[in-house]
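Residue numbers (full-length UniProt numbering), protein chains in the order written: chain A, 1 to 307; chain B, 1 to 307; chain C, 1 to 307; chain D, 1 to 307. Quick reminder that beta carbons are idealized off the backbone N, C-alpha and C, glycines included. All of these numbers come straight from a predicted model, not from anything done at the bench.
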């Protein structure tokens, strides 16, 4: 046989599960998009088409929905851990499970004055509006002995309208860019962070609190860094997380530089004093880097933040 | 000539303009996507290619940026009014201008404790995160004598996790649906509302306040309607706006029924007590209607909410 | 009641139906996305939530699939006619049906030499690759007495790399554009054309042949027009269709000017002799117009081509 | 310093370059989307914001356009090689360049009979329509001594309407799927293949011919494999490429199983004899694997096909 099989994985992707938990008249939502990917003793299904070792992708879908009932969804991370453990421990041919989850956040609709007076509550008990800001992400990997949890987010758009410069760079024969001493710095954050929880014996992080804190520190680092380059801002965002969150050893960001170009208004006899910008689409600078706790090994793949 | 020219319009679409207003160290953002569409005495450019009556689309783009400086951007509506008036009054061959604007909302990044203590402010002065919830819309049309302002929003996803039923419907030979007495009702609102301000002599509405109030009433009507059909909910959303906002005479909604199907867990020996749902993509019910103040004429086109 | 109900419609949108027809070992595909929209005696479902007149959207979905079996899918237009007739004639409260269909084209995979020799066929009998060029469209409307059929396409990207100029336009204080005597003209065609078949008594057009011919004439008109403006090209595209296809009375196009800007290479000591272009995204010129057979009335809505 | 910098890269992404080559009146197009990513001695720009080693992303954009003139675009691969070599050899701090390119194919518009007779040509000389099928991809990586070229494609949708089965799989307590003995097999191919050309001393492959042949073999393997699982089909597609194209040592595919579910028409008294299918969106099976020439090392990252 002149060809051989390399890395392979399979499963059901994008299982959209919504879990409603009822606490009397007050409801709570978890809204997830769960993708299952399994690896193991799968040579034969590729070589001969024998499905003898294959748990159908349809079954992995059913498992997602059944587990939402059996285990509830405390957090995306905890839910992924239940699923990954199940596939690896219940099926001998499956040696590794990777669960990727997107989570969409909801907030309660504010009650009207009339409703609020009659019910005494400021918020609707079972009516929600999707927050629509970032998409929360997690990826759980389990090989039967150790865990890897990489959480993150995408689609979070941020902007500093000042405190950003860009100058002192290399100039070659193709360089025409003028140096900038006060520019807009805007990006759409795609970030991932890896937890140092790897073992059932360790105390598990509080996944919900961790997420909120990471997002907060990341945003504040973005806001508070006087930036000489987007790379510098990126590094500050990552190291602020590492410094403040002991449960995290590694962070990777992919930050497109969402260019806001100052419009030349001189042809119209107008002065543009950092007021009117054109928000460009393509091309865009793309800055990507990993920040590590000293002494730790990098494990987040280079392309993961680009997914 | 066996063919003739019918309705026609042209202009520059999707001019992305960001305006920063500086109030000392505190900055304010307006982030718009402006599309210009002009009509008038334009037969010749179609028949012979003569551009003698054509103001270039590139000029309409320049005008958007120049006006952001000259007039500022108080609101999307006010900005569109400046633009529409300019094109119709400054160019004899242009008889009608339609300005469509999308607006993206931003909020300030919360300050860290350290920064907050040193600055005394809870929020960053020039650092922002995009809200990411709905996209605000407006369309301004001017023909030199009267105005039509239709504002709206899209991409606002809402859900009631109970208080929705669907039964008592027509059953024909193709009907298999079971009646539902407690279901999830979710939709992604696309709405437009028309103002009765049409004349420069009238007092102009407070566009910013009107938008906030319309959104609030619409969300509350969605939350507070015990629903027997999505049509009923739609009608309540529209009439709540008409009832509460005297500046508005007409509302149109396009509401996809974002189906959340209860997953059958019985094959796994589990009972699904309105807990675990599959959020479906396609197909989806699509409910569309116009609600009018009694005595007013409908003017919002049927397809406008589908754009 | 201070508010009243205006135009309203409902149905199941985006029913994805694939029909395989087997002619021995040779299979044929029709791949459609069908959206149903019904109107009629529907006040009560909006006012009180009574569904007594409501055929469920789920039933309209079932009907699409059942009709694919019962009637087959000869063409998107013919399929839409079967559906629209059914809803209006079988349900008394339904007075009007509008069926919108997207169609995706497939072509056969070319056979390998080995297969081709053994089977004597150059093409696979039941293996297909999606063409991926334009999306074909149709909209059928029926009110119980007369028909309106508007067909069309979207996503068809075309380019002339020369034979396009733009000069002699109006110049105002915001005009900076330089005149162009040899530019790229590129657009992504969104077009709709209305048939003059309105009555069951009339002979029905050959929908498949009509589509192929309209697309051919439209492309050839684009290619063969020496263009002084995109409006002129648009008009030629439309009138070529009217002139050549007697079954069509009205055409509407929405043509974004997909700008290809000549890159300034002078800073690098290079001459750009109409060779190297930057393909821009936003903003873009947007040219829209209706072309009519003389004496006919315009009926395609202004916004339809923008959907 | 408690945190350190890991892998990092930067550059300008999505430079849209269109190159027109004029051979008398006959024009040729190359239409690319080029992304540059550079790595090297870049610690300082992250730690302190010093740009002393940073060639601006704007310069990398300029270089793309200048090189389209200076070197022409013979193929996406050859163009990427010129760019990667330039960045690594011209800038001391840059140790590695990765160029990713998307290519969009165009075909000539067929001439009308009139034009064809007058010009003697069946096709327009400078008028094109975008093919719109797959997007061609390549990624060139250079570290100053050796090359890695990974080409591929995405968005190629294929379907076998028979000759696919799925049975004999593992059944656990969450399995409800019925075995299938004649199903539709459809997927949207995302594939990458790595060339064994790594050194300037080796003879370079004919990139254009290689691409056409790989696509042909891949499609034929898809069509001609009687499939017991999508994994088996995937393996046949990969090994057919390895067997027929000696310039390629490794292939990776990510194949979503685009489910076409047979619609249950029994409630309507109809028999569905593999005729009417519902094309589902989410969830979908996702099958991913690498196929290697025996003795070769896998180098295509697991997530690359998911980008």
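- Here residue 57 of chain C carries a helix assignment [DSSP, helix/strand/coil].
- Taking a cut-off of 8 Å on C-beta distances, the region 141-151 of chain A does not touch the region 111-122 of chain B, as fewer than three cross pairs fall below it.
- At a cut-off of 8 Å between beta carbons, residue 87 of chain D makes no contact with chain C.
- For residue 117 of chain B, the enclosing alpha helix (DSSP H) begins and ends at 113-119.
- At a beta-carbon threshold of 9 Å, none of the residues of chain B lie near residue 191 of chain C; the nearest stands roughly 14 Å away.
- Considered as a whole, the region 210-288 of chain A harbours 248-257, 260-262 and 276-279 as its complete beta strand (DSSP E) runs of no fewer than 3 residues, in chain order.
- Your pair residue 250 of chain C and residue 20 of chain D does not check out as a contact, with CB atoms roughly 35 Å apart and the cut at 8 Å.
- A contact is defined here as three or more CB-CB pairs under 8 Å, and the region 74-94 of chain B fails this definition with respect to the region 289-299 of chain A.
- CA-to-CA, the gap between residue 132 of chain C and residue 30 of chain A works out to about 37 Å.
- Nearest in C-alpha terms to residue 36 of chain B, of all of C/54, C/256, C/50 and C/301, is C/256.
- A residue is called buried once 16 or more other Cβ atoms fall within 10 Å of its Cβ, and residue 59 of chain A is buried on that count.
- Selection C/108, C/95 and C/139 evaluated against residue 145 of chain C yields C/95 as nearest (Cα-Cα).
- Segment contact: the region 192-204 of chain D against the region 220-234 of chain D, fewer than three CB-CB distances shorter than 8 Å; contact not assigned.
- Put simply, the CB of residue 173 of chain D is near chain B, with a gap under 8 Å to one of its CB atoms.
- For the 8 Å CB-CB criterion, residue 188 of chain B and residue 157 of chain B form a contact.
- Excluding five sequence positions before and after residue 230 of chain C, the CB atoms of its chain that fall closer than 8 Å to its own CB belong to 185, 187, 255, 257, 285 and 287, given in chain order.
- Residue 47 of chain C reaches chain B at 232 and 235, counting residues in chain order whose Cβ is nearer than 8 Å.
- With respect to the 8 Å criterion, residue 155 of chain C and residue 138 of chain C are not classified as neighbours on the basis of their beta carbons.
- Counting along the chain, residue 195 of chain B sits inside the beta strand (DSSP E) bounded by residues 185-195.
- Identification of residues in the region 266-295 of chain B having a C-beta nearer than 7 Å to some C-beta of chain D yields 267, 268, 281 and 282, given in sequence order.
- Spatial neighbours of residue 55 of chain B in its own chain (CB-CB distance under 6 Å, excluding positions within 5 residues in sequence) are listed in chain order as 91.
- In terms of Cα proximity to residue 293 of chain B, the closest of B/88, B/193, B/10 and B/173 is B/193.
- Chain B has a Cβ within less than 8 Å of the Cβ of residue 10 of chain C.
- Interface residue (Cβ-Cβ distance to chain B less than 8 Å): residue 220 of chain C is not classified as such.
- In the DSSP assignment, residue 89 of chain D falls within the unbroken alpha helix (DSSP H) covering 76-90.
- Judged by DSSP in its simplified three-state form, residue 69 of chain B adopts helix.
- Of A/67, A/160 and A/102, the smallest CA-CA separation from residue 260 of chain A is found for A/160.
- The Cβ neighbour count for residue 61 of chain C, taken over all protein chains shown within 10 Å, is at least 16; the residue is labelled buried.
- Interface flag for residue 163 of chain D against chain C is set, since a Cβ pair is found closer than 8 Å.
- Residue burial is scored here from C-beta neighbours: residue 283 of chain B has at least 16 other C-beta atoms within 10 angstroms and is therefore classed as buried.
- Residues of chain C with a Cβ closer than 7 Å to the Cβ of residue 3 of chain A do not exist; the shortest Cβ-Cβ separation is about 18 Å.
- No Cβ of chain B is located within less than 8 Å of the beta carbon of residue 305 of chain D.
- In this structure, the beta-carbon distance from residue 64 of chain C to residue 53 of chain C does not fall below 8 Å.
- Interface residue (Cβ-Cβ distance to chain D less than 8 Å): residue 115 of chain B is not classified as such.
- The C-beta of residue 133 of chain C comes closer than 8 Å to at least one C-beta of chain D.
- Residue 14 of chain C has a beta carbon lying within less than 8 Å of a beta carbon in chain B.
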